[in-house]
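Okay, structure first, notes after.
In this note's numbering, the protein residues as written are 179 to 395.
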């Protein structure tokens, strides 16, 4: 990972969903090792009830993630926490992130890992991965009957990297968080050693091409 001095410590952040707001400083520290930053933070939320609560903390705009009311090259950082798996049209979502990010700005995306250790074991046993939802409730695994949060997609680390490359993002760094059935220190160490087996993928990618340039390539 690059040291903190390689990153700007001020500018504008766009983050989706109020629940993700509490994580953005942790994401920053994970990738830079620093808590020193001063950003204008803009939240995007489609749920009016959640947006109403979030406005007590940060500026919130009610909008669809695939059509943002921001100018081109407006943000230094875009954070998407546990959202991309809910988006039907992932391609349009990433094109929009590319549009609102400044050149050399970066996106941080967190999502459940299809290739997590527990999902690999489930598939080996002929069972449904917990992060890929085919119903309103979990089916085909040990969580049978538990209500799901409606994941439309499930990503492997390699698929998410390829998608980001496809839409003009490079210099990709990957972390993993959480590893079932382990907890605490053992989980942390295993995630550092085997990030592709972690429960969640955490990816930082730098915008190096405008989408129009991506099409030419």
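Heads up, the beta-carbon is just placed ideally off N, CA and C, and yes, glycines get one too.
Member of 320, 307, 342 and 323 whose CA lies at the smallest distance from the CA of residue 329
When only C-alpha atoms are compared, the closest one is 307.
Here's the rule I'm using: 16 or more other beta-carbon atoms within 10 Å means buried, otherwise exposed. How should residue 263 be labelled?
In this structure residue 263 is buried. Its beta-carbon is surrounded by 16 or more other beta-carbon atoms within 10 angstroms.
Residue 266 (DSSP reduced to helix, strand or coil)
Coil, per DSSP.
Let me know if residue 364 comes out buried or exposed under the rule of 16 or more other beta-carbons within 10 Å of its beta-carbon.
When all chains shown are included, residue 364 counts as exposed.
Per DSSP, which one or two residues make a beta bridge with residue 353?
380, per the DSSP bridge assignment.
Nearest to residue 291 (by Cα), restricted to the options 193, 358, 386 and 319:
Ranking the options by Cα distance to residue 291, first place goes to 358.
Round the Cβ separation of residue 326 and residue 311 to the nearest angstrom and send it over; I've been treating them as touching at under 8 angstroms.
So it is a contact: roughly 4 angstroms between Cβ atoms.
Quick one: is residue 347 near chain C, going by C-beta distance under 7 angstroms?
The structure shown has no chain C; it contains just one protein chain.
Can you look up residue 329 in the DSSP assignment and give me helix, strand or coil?
Three-state DSSP puts residue 329 in coil, outside helix and strand.
Could you name each continuous beta strand (DSSP E) segment of 3 residues or more that falls completely within the segment 274-352, going from the start of the chain to the end?
Complete beta strand (DSSP E) runs here, min 3: 279-290.
First and last residue of the alpha helix (DSSP H) that includes residue 363?
Element bounds for residue 363: 362-371.
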